[in-house]
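Working notes, beginning with the structure itself.
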DNA sequence: GCGACAG
DNA sequence: ATCTTGTCGC
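Residue numbers (the working numbering): 101 to 365.
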């Protein structure tokens with residue numbers, strides 16, 4: 101909630117974004133991306149951080165890997181972490197990326213054969229104030245193709261939640277897979293609004309993270325959706341009763357009890 | 001001053 | 001991000 105931040109830090113972050121940004125690859129680089137139904141794609145990852153209500157510092161970093169196209173869980177990793185950076189709009193990556201990279205490194209160390217061929221990231225990629233959102237940041241630092249999928253529209257570069265945007269949603273997004281471009285004032289297409297399933301009228305906002313084209317990113321996102329939020333990201337919040345990384349499950353499901361206790365820090 | 005602000 | 005209650009519909 102707090103957008104209190106240090107000017108010096110933000111300046112440094114801006115420089116780092118400008119520098120890393122040059123390493124983003126906005127095109128398809130993988131053979132599977134060119135296949136009609138992504139026929140040689142086998143594993144899709146999803147990452148996210150979860151918080152408990154009043155706590156800005158402690159979070160649960162999660163990585164799941166699903167089979168493709170069946171979307172069954174192949175791997176799940178949950179780790180309690182202590183965040184150092186605050187949330188500042190436009191600089192989400194500095195808060196979350198270190199822990200997502202750690203999770204990818206653990207996977208590479210323990211089960212390298214399960215490394216995902218692409219990761220769906222909760223947040224934006226190129227659709228960002230300086231065209232370098234979380235999905236680009238994680239993509240560049242990991243080298244893995246990444247796609248940004250945001251649940252809310254970020255109003256940047258002339259893209260707004262206007263009446264026009266609302267009417268585009270109702271006029272153009274008639275069925276799952278329908279999409280329309282999010283075009284900056286400059287004329288550059290930064291992402292697409294996607295109706296991710298037939299039953300959800302509220303779109304998700306897809307943008308390129310790294311090493312994938314926008315069209316592939318949209319097609320892939322749609323093909324990973326059973327509900328509005330793509331499965332790899334959605335599964336990140338699902339704690340299986342079996343195979344339990346219980347640290348997080350217990351903490352999250354009993355957080356309502358915890359918050360009543362005066363002795364709970 | 002007012003509104004906007006991914007997660 | 002997270003909380004919260006019910007309500008409507010298949």
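For each residue, glycine too, the CB sits at the ideal point set by N, CA and C.
Only a predicted model underlies this, so the values are computations on that prediction, with no experimental measurement involved.
Practice task
Look at the Cβ atom of residue 225, then the Cβ atom of residue 309, and state whether they are nearer than 7 Å.
Solution key: Along the first chain, one-based indexing puts residue 225 at 125. Along the first chain, one-based indexing puts residue 309 at 209. In contact: residue 225 and residue 309 (Cβ atoms closer than 7 Å).
Practice task
Between the Cα of residue 290 and those of 153, 259, 161, 109, spot the shortest distance and give me the residue it belongs to.
Solution key: If you number the first chain from 1, residue 290 lands on position 190. When each option's Cα is compared against that of residue 290, the closest is 259.
Problem - Close-in-space but distant-in-sequence residues of the same chain around residue 163 (CB under 6 Å, 5 per side omitted) - result: Locating residue 163 in the first chain gives position 63, counting from the first residue. Excluding residues within five positions, the ones whose Cβ falls inside 6 Å are 147, 177, 203.
Exercise for the section: Using only alpha-carbon positions, find the residue among 215, 216, 239 that is nearest to residue 223. Expected result: For the purposes of this step, residue 223 is identified with residue 123 of the first chain, where counting begins at 1. Out of 215, 216, 239, 239 has the C-alpha closest to the C-alpha of residue 223.
Exercise for the section: Could you pull out every unbroken beta strand (DSSP E) segment of at least 3 residues lying fully inside the region 174 to 243, listed in chain order? Expected result: Taking only runs of at least 3 residues, the beta strand (DSSP E) segments lying wholly in the region 174 to 243 are 218 to 222.
Handout entry: Straight-line gap, residue 286 to residue 231 (C-alpha atoms, nearest Å)
Key = Position 186 of the first chain holds residue 286. Position 131 of the first chain holds residue 231. The C-alpha of residue 286 lies about 12 Å from the C-alpha of residue 231.
Exercise for the section: Indicate the three-state DSSP secondary structure (helix, strand or coil) for residue 117 in the structure shown. Expected result: Along the first chain, one-based indexing puts residue 117 at 17. Residue 117 carries a helical assignment under DSSP once its states are collapsed to helix, strand and coil.
Problem - Residues bridged to residue 162 [DSSP beta-bridge criterion] - result: The residue given as residue 162 occupies position 62 in the first chain. Bridge partners of residue 162: 148, 178.
Practice task
Return the chain-ordered list of same chain residues with a C-beta closer than 6 Å to the C-beta of residue 314, the five sequence neighbours on each side being excluded.
Solution key: As a working note, residue 314 is residue 214 in the first chain. Around residue 314: 308.
Exercise for the section: Could you tell me the distance, in whole angstroms, from the CA atom of residue 125 to the CA atom of residue 318? Expected result: The sequence position of residue 125 within the first chain is 25, counting from 1. The sequence position of residue 318 within the first chain is 218, counting from 1. When rounded, the distance between both Cα atoms is 16 Å.
Exercise for the section: Report the rounded CA-to-CA distance for residue 251 versus residue 329, giving the unit in angstroms. Expected result: Within the first chain, numbered from 1, the residue matching residue 251 stands at position 151. Within the first chain, numbered from 1, the residue matching residue 329 stands at position 229. Each residue's alpha carbon lies about 8 Å from the other.
Practice task
Can you grab the Cα-Cα spacing for the pair residue 233 / residue 190, in whole Å?
Solution key: Along the first chain, one-based indexing puts residue 233 at 133. Along the first chain, one-based indexing puts residue 190 at 90. Each residue's Cα considered, the two are about 7 Å apart.
Practice task
State whether the region 132 to 142 contacts the region 154 to 162, with contact taken as three or more CB pairs (one from each stretch) at a distance under 8 Å.
Solution key: Cβ pair count under 8 Å is below three, so no.
Exercise for the section: Return the chain-ordered list of same chain residues with a C-beta closer than 7 Å to the C-beta of residue 206, the five sequence neighbours on each side being excluded. Expected result: Within the first chain, residue 206 is the residue found at index 106, counting from 1. In chain order, 177 place their CB closer than 7 Å to the CB of residue 206, counting only its own chain and leaving out the 5 sequence neighbours on each side.
Problem - Through-space distance from residue 316 to residue 344, alpha-carbon basis - result: Residue numbering aside, residue 344 sits at position 244 when the first chain is read from its first letter. Residue numbering aside, residue 316 sits at position 216 when the first chain is read from its first letter. Caution applies to residue 344, whose pLDDT of 44 falls short of 50 and renders its modelled position unreliable; the model cannot decide the point.
Handout entry: Close-in-space but distant-in-sequence residues of the same chain around residue 171 (CB under 6 Å, 5 per side omitted)
Key = Reading the first chain from its first residue, position 71 is the one you call residue 171. 331, listed in sequence order.
Exercise for the section: For the alpha helix (DSSP H) containing residue 281, list its first residue and its last residue. Expected result: Translated into positions along the first chain, residue 281 becomes position 181. Here residue 281 belongs to no alpha helix (DSSP H); instead the beta strand (DSSP E) covers 279 to 283.
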